[in-house]
Each structure stands twice: as C-alpha cells, then as structure tokens.
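With numbering that gives the first Met the number 0, letter number 32 in the sequence shown gets 31, and the count goes up by one each step, no holes.
Before any comments, here is the structure.
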Amino acid sequence: MNSKSHRNSSYKKAVRRQKVLEQSIQSAQETDKAICMIQEALNTTDRQLTAYIADRIDAAQVPQESQKIQSDLMSHEISLDEMKKRNQGKEMSKKVLSQIEIAQKKFKEVSTKFRLFQKPANFEQRLLESKRILDEV
Numbered sequence: 000m001n002s003k004s005h006r007n008s009s010y011k012k013a014v015r016r017q018k019v020l021e022q023s024i025q026s027a028q029e030t031d032k033a034i035c036m037i038q039e040a041l042n043t044t045d046r047q048l049t050a051y052i053a054d055r056i057d058a059a060q061v062p063q064e065s066q067k068i069q070s071d072l073m074s075h076e077i078s079l080d081e082m083k084k085r086n087q088g089k090e091m092s093k094k095v096l097s098q099i100e101i102a103q104k105k106f107k108e109v110s111t112k113f114r115l116f117q118k119p120a121n122f123e124q125r126l127l128e129s130k131r132i133l134d135e136v
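Below you can see the structure in the form of structure tokens.
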C-alpha cells in the first residue's frame, strides 16, 4: 500500500469516527433533554399531588386530573425504561445512567404519592356523613 492510499484510508477512518462521535454527542444531548423534561414534569406533578393531599382532595374528587396524572406517570416510566436500555453499555452512559436513576427514584416517590392521592381522603368521615344523610331519607 503506497503512502497516498494509506493516508486516504486513514482519512476515511477519521471521518467515519468523527461522524460516530457526533452522533453519540447528539444522542446524549437528546437523552439529557428528555431526562430534564421528565424530571421537570415529575417535580410539577409532585407539587400538585402534595397540594391535593394537603387539601384532602383525592382522585375521586378530580377524576380527569387523576387519569391525566396516571397517564403521564405511565408515559414517564416507559420513557425512562427505554432510555436506560438504550444507554446501557455505551461509553458516555455512566453520567446518563446516573441521571436516569435519579429520575427513576423521583418517579417512584411521585408514584407513591399518587397512590396516596388515589385513596379517598377522610373515608371514615365521608362514610358516616353519607350514612347520616341516607338515614334521614
């Protein structure tokens, strides 16, 4: 192989490697943006659920909102799982996997709070009030 064809081959390899690196950077940026959006949405949902629970509002009182939250949580869970699978074994994945794990931890916290929200607030008190009203009929 003469030196000109060797240089040409090395140049082609370098160009291919550069394209791979650029794609990796773009993929990492897209994943980072998606994780940030999910974390922001989870923080918003967390604040919303905290307010509902503090005000003794439960899912039965705001069924459409409850369904929306449940749908959003399911979507976030699927997205995080897919991101984790897609990034396992990749060079840049340690930081990304750490971010995904942090988001998954927040997801679990919000999911637990959502389960509390789904339980009727003041159930005993409501039952007694309903029974009293029925007894008056």
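Beta carbons are placed, not taken as given, at the ideal position from N, Cα and C, and that holds for glycine.
Everything numeric in this text was worked out from a predicted model, so none of it was measured.
In this structure, the alpha-carbon of Lys112 lies about 29 Å from that of Gln87. The C-beta distance from Leu48 to Lys105 rounds to 12 Å, too long to meet the 8 Å contact threshold.
Leu79 sits close to Ala102, with the two beta carbons spaced by under 8 Å. Approximately 6 Å separates the beta-carbon atoms of Leu115 and Ile52; this is inside 8 Å, confirming the contact.
A check of alpha carbon separations from Ala27 across His75, Leu96 and Pro62 identifies Leu96 as the nearest.
For Pro62, the enclosing alpha helix (DSSP H) stretches over residues Pro62 to Asn86. For Lys94, the closest alpha carbon among the candidates Ile24, Lys18, Lys11 and Val19 is that of Ile24.
For the pair Pro62 and Glu29, the Cα-to-Cα distance works out to about 33 Å. Between Gln117 and Ala58, the CB-CB gap stays under 8 Å.
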